[in-house]
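Visitor: Here it is, the structure in full.
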Amino acid sequence: MEMLSEVIAIFNRWNKKLLRQPILIFFNLIQPLVWFLLFTQAFSAIGNIPTFQLLTGTSSYITFFTAAVIIQTIASSALNAGIGLVNDFDSGFMDKMRVAPINKSSILFGRLFSNALTTVIQVAIILVIGLALGVNIASGIIGVLIIFLLAALFGIAWSGISLFVALNTKNAETTLSVGLLTTFPLLFLSASVMPIGLLPSWVQQVAQVNPFTYIAEAFQSLIINGFVWQKIEYALIAILIVGVLSLGTSILLFRRKIS
Amino acid sequence: MDDIVVVENLHKTYGKDIIAVDGISFTVKKGEIFGFLGPNGAGKSTTIKILTTLLEKSSGKATIDGLDIDADQEKVRRIIGYSSQEVGVDDDLTARENLMLQCSFHHIPKEKAKAKVNELLQTVRLAEAADRRLKTFSGGMRKRLDLASSLVSDPKILFLDEPTTGLDPQSRQDVWEYIGKLNRQGMTIFLTTQYMEEADRLSNRLCIVDQGKIVAEGTPAELKARVGADKITLRFKPDDLAGCEKAKEILSKLPGMEAVGQCGDSSVSVNGLEIMTKNGSALVTQVVRALDGANVDVEQLNLSVPTLDEVFLKLTGKTLNVVERKEAVGIRGRRRRRD
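Given below as structure tokens:
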């Protein structure tokens, strides 16, 4: 019970901080918007490829690409988790929390849950924009809720990587660059931007072990086809593996560094 | 008095060869202000971070209120307050929100926390600014809030790491006053500082540290007594050599004088006289009376007492800060004309 109240207190702290910097929320949304509007215009012809239609079940590239925008948003939002932590180390606030009789993991979980909430809100905004641009979500309201759930869980799992870098370097710039450098290649080396069957064979091989592929395929199936439970299962397994590795190492590192 | 902090042979080494704390031992008594005075890099912050469980020691033993800082880490955290050099407050939150957050870290029930926060805001004179975000706060206000936030749990001992570094003189006075007040209410305080004036003014007892070692320990008066006596300096009119000689003769016979110098060798004047004594402030009146009675015309009289800076210089061969010998009493232009 004590831990729950600690997590809630830290969760609320981060929510307040974010609400007081509306400019930050705005900028976090700029990039996905640019992607949505420019990328899908430039590549709309991909939808005309017969194999694309066969593999994906849609002729609208923007419908297919919505999953990529969501994943990119989750990943860039996850970056902030580590940066927030670095700021706390720099300001001395981290020491204030560490001398308090609280569970160390509460510090991390409060941050992760607040981040997950932000991510879900951003994903909701993206879906609204998608609807406005003519994207149809085949799985309806329930599907949207599953998208939110997967986004929150994947956001938490992926934040672990940012936390890990932040705890090791205690440097905001490094945390940011490592995050950006991992997000973009992983996005393009997955089934997010192009169905896996249209990728060159070496990229296909990378995509098979890239968690982004499984998350993307789950989103794509919910948006294009409806409920394909196997895809959702695979996504959950991918999230679980990433989460256990990234959060497990971060928590161990955090506990050891400070006790 | 009981010891609340007992430190035995504490070591902290970073990597292989950087020794931050090199075998220090000391005790802090319940209810006192205990100072740790030393220059940057002396190991002050490292020591305070080890005692507040923020940093792991390399070897040695330390207990706080009988609790081992390693084995009973959780319990130690419940009885200490800590205010770091960096001022650990959240700038995006208001003063009240910062304190409420600290209360939740200490699991204080909401209603009790609200009352406690109001009380603390009053004490540190931030009640009016309570609902403003810290972005608009001055350095002094932020420090006062930080102090308040380390007190939400009514700790048994408060650790202050360089509480006034970077503050303007007025804020420094405020913080000193507040620390004194807390101590009078019974709070034990352990503070580190690089300002001798701060250590001198606040601490009941102090350690002088340098390069990870304690070089001296005692009350400020004891430490200052080590570098010697108070000094009374007299200045006469440049041409009044006879007056100086007469003063020298009179004062040599006065009881309590340790050494009366030679005329002309004063540091303040070409025609001056220096007298060393154990208790300068008590003797000043006698000196003035004796000279007045003998019709000696004194142009200026200064009393200076040794500073901790001189103690530090004597013990380490280095200066702590560049601070002039403190002028405790300066009587200027005290000329007496006889009819």
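The listed protein sequences correspond, in order, to chains F and C. Sequential numbering from 1 applies to the first sequence in the numbering used here. Sequential numbering from 1001 applies to the second sequence in the numbering used here. For every residue, glycine included, the Cβ atom is placed at its ideal position computed from N, Cα and C.
If you compare alpha carbons, which of F:F154, F:L167 and F:Q21 is closest to Y214 of chain F?
Guide: Ranking the options by Cα distance to Y214 of chain F, first place goes to F:F154.
Visitor: Ignoring anything shorter than 3 residues or poking outside the region 1191-1239 of chain C, list the beta strand (DSSP E) runs there in chain order.
Guide: The region 1191-1239 of chain C contains these whole beta strand (DSSP E) runs: 1205-1210, 1213-1218 and 1230-1235.
Visitor: What number of angstroms, rounded off, separates the C-alpha of F1105 of chain C from the C-alpha of Q1073 of chain C?
Guide: Approximately 16 Å, taken between the alpha carbons.
Visitor: Just to confirm before moving on: does the CB-CB distance between G1043 of chain C and V1021 of chain C stay below 7 Å?
Guide: Yes, they are a contact pair.
Visitor: Return the chain-ordered ranges of every beta strand (DSSP E) run that is complete within the region 1092-1173 of chain C and spans a minimum of 3 residues.
Guide: Taking only runs of at least 3 residues, the beta strand (DSSP E) segments lying wholly in the region 1092-1173 of chain C are 1157-1161.
Visitor: Say whether the region 219-234 of chain F touches the region 157-164 of chain F, bearing in mind that this needs 3 or more beta-carbon pairs closer than 8 Å, one atom from each stretch.
Guide: No, because fewer than three Cβ pairs between the region 219-234 of chain F and the region 157-164 of chain F fall closer than 8 Å, the two stretches do not touch.
Visitor: Which two residues bound the contiguous beta strand (DSSP E) that contains A1062 of chain C?
Guide: S1059 to I1064 is the extent of the beta strand (DSSP E) around A1062 of chain C.
Visitor: Going residue by residue through the region 1249-1309 of chain C, where are the continuous alpha helix (DSSP H) segments of at least 4 residues, counting only ones entirely within it?
Guide: The qualifying runs are 1280-1293.
Visitor: So, do the region 1308-1315 of chain C and the region 1271-1286 of chain C have three or more beta carbon pairs nearer to each other than 8 Å?
Guide: No: fewer than three Cβ pairs fall under 8 Å.
Visitor: Please specify which runs of the alpha helix (DSSP H), each continuous and at least 4 residues long, are wholly inside the region 82-106 of chain F, giving them in chain order.
Guide: Runs of the alpha helix (DSSP H) inside the region 82-106 of chain F: 93-99.
Visitor: On the DSSP bridge list, what partners appear for F1036 of chain C?
Guide: C:T1192 and C:C1207.
Visitor: How many angstroms separate the CA atom of A1115 of chain C from the CA atom of T1136 of chain C?
Guide: Looking at the two C-alpha atoms, the distance is approximately 24 Å.
Visitor: Cβ of K1246 of chain C within 7 Å of Cβ of V1296 of chain C?
Guide: A contact, by the Cβ cut-off of 7 Å.
Visitor: Tell me the residue span of the beta strand (DSSP E) that contains I1080 of chain C.
Guide: Element bounds for I1080 of chain C: I1080 to S1083.
Visitor: Using Cβ-Cβ distances below 7 Å, what residues of the region 86-116 of chain F are close to chain B?
Guide: This model lacks chain B altogether, as its protein chains are F and C.
Visitor: Locate the alpha helix (DSSP H) running through A45 of chain F, then write down its first and last residues.
Guide: Element bounds for A45 of chain F: n/a, residue is neither H nor E.
Visitor: Going by DSSP, what residues sit across from L1067 of chain C in a beta bridge?
Guide: C:I1064, per the DSSP bridge assignment.
Visitor: What do you get for F93 of chain F, buried or exposed, if any count of 16 or more other CB atoms within 10 angstroms of its CB means buried?
Guide: Under this definition F93 of chain F is a buried residue.
Visitor: Compare the C-beta of R255 of chain F with all C-beta atoms of chain C and state if any pair is closer than 7 Å.
Guide: Chain C, which has no Cβ nearer than 7 Å to the Cβ of R255 of chain F, makes this no.
Visitor: Determine whether the beta carbon atoms of F89 of chain F and K16 of chain F lie at a separation below 7 Å.
Guide: No, these two residues do not count as a Cβ contact at 7 Å.
Visitor: For chain F, find out if any of its Cβ atoms is closer than 7 Å to the Cβ of L1101 of chain C; answer yes or no.
Guide: Yes, contact with chain F.
Visitor: To the nearest angstrom, how far is the alpha carbon of I142 of chain F from that of K96 of chain F?
Guide: Rounded to whole angstroms, I142 of chain F to K96 of chain F spans 42 Å at the Cα level.
Visitor: Taking the alpha carbon of R1235 of chain C as the reference point, which residue from C:N1271, C:I1208 and C:S1203 has its own alpha carbon closest?
Guide: Comparing Cα positions, the closest option is C:N1271.
Visitor: Count the other C-beta atoms from every protein chain shown that fall within 10 angstroms of the C-beta of N48 of chain F, then say buried if there are 16 or more, exposed otherwise.
Guide: Answer is exposed; the Cβ neighbour count stays below 16.
Visitor: Hey, is A207 of chain F's beta-carbon within less than 7 Å of any beta-carbon in chain C?
Guide: By this cut-off, A207 of chain F is not an interface position.
Visitor: With a threshold of 7 Å between beta-carbons, can A9 of chain F be considered close to chain C, or not?
Guide: Yes, A9 of chain F lies at the interface with chain C (some Cβ there is under 7 Å from its Cβ).
Visitor: Among C:P1163, C:L1167, C:N1204 and C:R1184, which residue has its Cα nearest to the Cα of T1193 of chain C?
Guide: Closest by alpha carbon: C:P1163.
Visitor: The alpha helix (DSSP H) with V206 of chain F in it runs from where to where?
Guide: From DSSP, the alpha helix (DSSP H) with V206 of chain F extends over S201 to Q208.
Visitor: When we look at the beta-carbon of R1335 of chain C and count the other beta-carbons within 10 Å, is it buried (16 or more) or exposed?
Guide: Interpretation of R1335 of chain C is limited by its pLDDT of 37, a score under 50 that renders its predicted location unreliable; the figure taken from the coordinates is listed afterwards. When all chains shown are included, R1335 of chain C counts as exposed.
Visitor: From this set, F:Q204, F:I25 and F:S106, which residue's C-alpha is nearest T118 of chain F's C-alpha?
Guide: Per the Cα distances, F:I25.
Visitor: Going along chain C in order, which residues have a C-beta closer than 8 Å to the C-beta of S44 of chain F?
Guide: Per Cβ cutoff of 8 Å: no residues; S44 of chain F is ~42 Å from chain C at best.
Visitor: Give the secondary structure of V1087 of chain C by DSSP, where H, G and I count as helix, E and B as strand, and everything else as coil.
Guide: Residue state, collapsed to three classes: coil.
Visitor: So for G57 of chain F, helix, strand or coil by DSSP?
Guide: The answer is coil: DSSP assigns G57 of chain F none of H, G, I, E or B.
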